[in-house]
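Participant: Residue numbers (the numbering used here): 981 to 1087.
Note that CB positions come from ideal geometry on N, CA and C, so glycine has one too.
Since the structure is predicted, the reported quantities are computational estimates derived from the model, not experimental observations.
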(Lines of atoms letter the chains of each structure in order from A and count residues from 1; the text may use other names and numbers.)
(Lines give C-alpha, C1' and ligand atoms only; values in the text may rest on other atoms or scores of the structure.)
Protein backbone atom coordinates (compact mmCIF):
# COMPACT_ATOMS: atom_id res chain seq x y z
CA UNK A 1 0.00 0.00 0.00
CA UNK A 2 1.41 3.37 -0.95
CA UNK A 3 1.11 6.24 1.42
CA UNK A 4 0.64 9.90 0.72
CA UNK A 5 2.33 13.12 1.70
CA UNK A 6 0.30 15.55 3.80
CA UNK A 7 1.13 19.22 4.29
CA UNK A 8 0.10 21.31 7.29
CA UNK A 9 0.54 25.06 7.50
CA UNK A 10 -0.41 28.49 6.29
CA UNK A 11 -2.12 29.03 2.93
CA UNK A 12 1.17 30.38 1.51
CA UNK A 13 3.01 27.24 2.65
CA UNK A 14 0.47 24.66 1.46
CA UNK A 15 -0.35 26.22 -1.94
CA UNK A 16 2.87 25.16 -3.65
CA UNK A 17 2.47 21.58 -2.48
CA UNK A 18 -1.14 21.52 -3.63
CA UNK A 19 -0.10 22.78 -7.07
CA UNK A 20 2.54 20.02 -7.18
CA UNK A 21 -0.16 17.39 -6.66
CA UNK A 22 -0.24 16.83 -2.89
CA UNK A 23 -3.85 15.93 -2.16
CA UNK A 24 -3.84 15.82 1.62
CA UNK A 25 -3.41 19.11 3.40
CA UNK A 26 -4.59 21.09 6.40
CA UNK A 27 -4.48 24.85 5.95
CA UNK A 28 -4.39 27.05 9.05
CA UNK A 29 -4.23 30.83 8.79
CA UNK A 30 -1.24 32.46 10.49
CA UNK A 31 -3.42 34.31 12.99
CA UNK A 32 -5.25 31.09 13.98
CA UNK A 33 -2.27 28.76 14.47
CA UNK A 34 -2.30 28.91 18.27
CA UNK A 35 -5.94 27.81 18.31
CA UNK A 36 -6.19 25.43 15.34
CA UNK A 37 -2.79 23.96 14.51
CA UNK A 38 -2.98 21.21 17.14
CA UNK A 39 -6.23 19.90 15.69
CA UNK A 40 -4.94 20.07 12.11
CA UNK A 41 -1.76 18.15 12.96
CA UNK A 42 -3.66 15.56 15.00
CA UNK A 43 -6.04 14.97 12.08
CA UNK A 44 -3.12 14.27 9.74
CA UNK A 45 -1.32 12.04 12.27
CA UNK A 46 -4.43 9.88 12.65
CA UNK A 47 -4.87 9.39 8.89
CA UNK A 48 -3.64 5.89 8.00
CA UNK A 49 -3.06 6.94 4.38
CA UNK A 50 -0.39 9.50 5.34
CA UNK A 51 3.27 8.41 5.43
CA UNK A 52 5.00 11.82 5.52
CA UNK A 53 3.84 15.05 7.14
CA UNK A 54 5.46 18.26 5.90
CA UNK A 55 5.39 21.40 8.06
CA UNK A 56 7.32 24.63 8.33
CA UNK A 57 9.85 24.46 11.16
CA UNK A 58 8.52 27.67 12.74
CA UNK A 59 5.05 26.13 13.10
CA UNK A 60 6.34 23.66 15.69
CA UNK A 61 6.44 26.57 18.15
CA UNK A 62 2.64 26.89 17.90
CA UNK A 63 1.97 23.27 18.92
CA UNK A 64 1.05 22.21 22.42
CA UNK A 65 3.61 20.11 24.26
CA UNK A 66 1.70 16.86 23.77
CA UNK A 67 1.10 17.30 20.03
CA UNK A 68 4.68 18.47 19.47
CA UNK A 69 5.95 15.38 21.29
CA UNK A 70 3.66 13.20 19.18
CA UNK A 71 4.98 14.56 15.88
CA UNK A 72 8.61 14.55 16.98
CA UNK A 73 8.48 10.92 18.09
CA UNK A 74 6.22 9.62 15.32
CA UNK A 75 7.76 6.95 13.13
CA UNK A 76 4.81 6.68 10.78
CA UNK A 77 3.90 9.16 9.60
CA UNK A 78 7.31 10.80 9.61
CA UNK A 79 7.50 14.54 10.15
CA UNK A 80 9.66 16.57 7.78
CA UNK A 81 10.12 20.24 8.58
CA UNK A 82 11.25 22.83 6.07
CA UNK A 83 12.71 26.28 6.62
CA UNK A 84 13.81 27.74 9.89
CA UNK A 85 17.52 27.21 9.27
CA UNK A 86 17.78 23.73 10.82
CA UNK A 87 20.47 22.95 8.25
CA UNK A 88 22.17 19.62 7.78
CA UNK A 89 21.92 18.69 11.46
CA UNK A 90 18.13 18.88 11.39
CA UNK A 91 17.93 16.94 8.15
CA UNK A 92 20.31 14.33 9.54
CA UNK A 93 18.06 13.80 12.58
CA UNK A 94 14.98 13.54 10.37
CA UNK A 95 16.59 10.91 8.14
CA UNK A 96 17.81 8.94 11.15
CA UNK A 97 14.36 8.98 12.72
CA UNK A 98 12.67 8.00 9.44
CA UNK A 99 14.84 5.00 8.57
CA UNK A 100 16.39 4.11 11.90
CA UNK A 101 20.07 4.51 10.99
CA UNK A 102 22.47 7.43 10.69
CA UNK A 103 23.51 7.56 7.02
CA UNK A 104 25.95 10.39 7.67
CA UNK A 105 27.76 8.76 10.55
CA UNK A 106 31.51 8.93 10.27
CA UNK A 107 33.61 5.95 11.41
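Taking only the alpha-carbon atoms, compute the straight-line gap between residue 1032 and residue 1012 and give it to the nearest angstrom.
Facilitator: By one-based count along the chain shown, residue 1032 stands at place 52. By one-based count along the chain shown, residue 1012 stands at place 32. C-alpha separation (whole angstroms): 23 Å.
Participant: If you drop the 5 nearest sequence neighbours on each side, which residues of the same chain put their C-beta closer than 8 Å to that of residue 1014?
Facilitator: The residue you call residue 1014 lines up with position 34 of the chain shown. Excluding sequence neighbours, residue 1014 sits near 1042.
Participant: Considering only DSSP beta bridges, list what residue 1024 is partnered with.
Facilitator: Indexing the chain shown from 1 puts residue 1024 at position 44. DSSP output for residue 1024 lists no bridge partner at all.
Participant: So the alpha helix (DSSP H) residue 996 belongs to, where does it begin and stop?
Facilitator: Indexing the chain shown from 1 puts residue 996 at position 16. Residue 996 -> alpha helix (DSSP H) spans 991 to 999.
Participant: Within 10 Å of its beta-carbon, does residue 1053 have 16 or more other beta-carbons around it, so buried, or fewer, so exposed?
Facilitator: Within the chain shown, numbered from 1, the residue matching residue 1053 stands at position 73. So residue 1053 counts as exposed.
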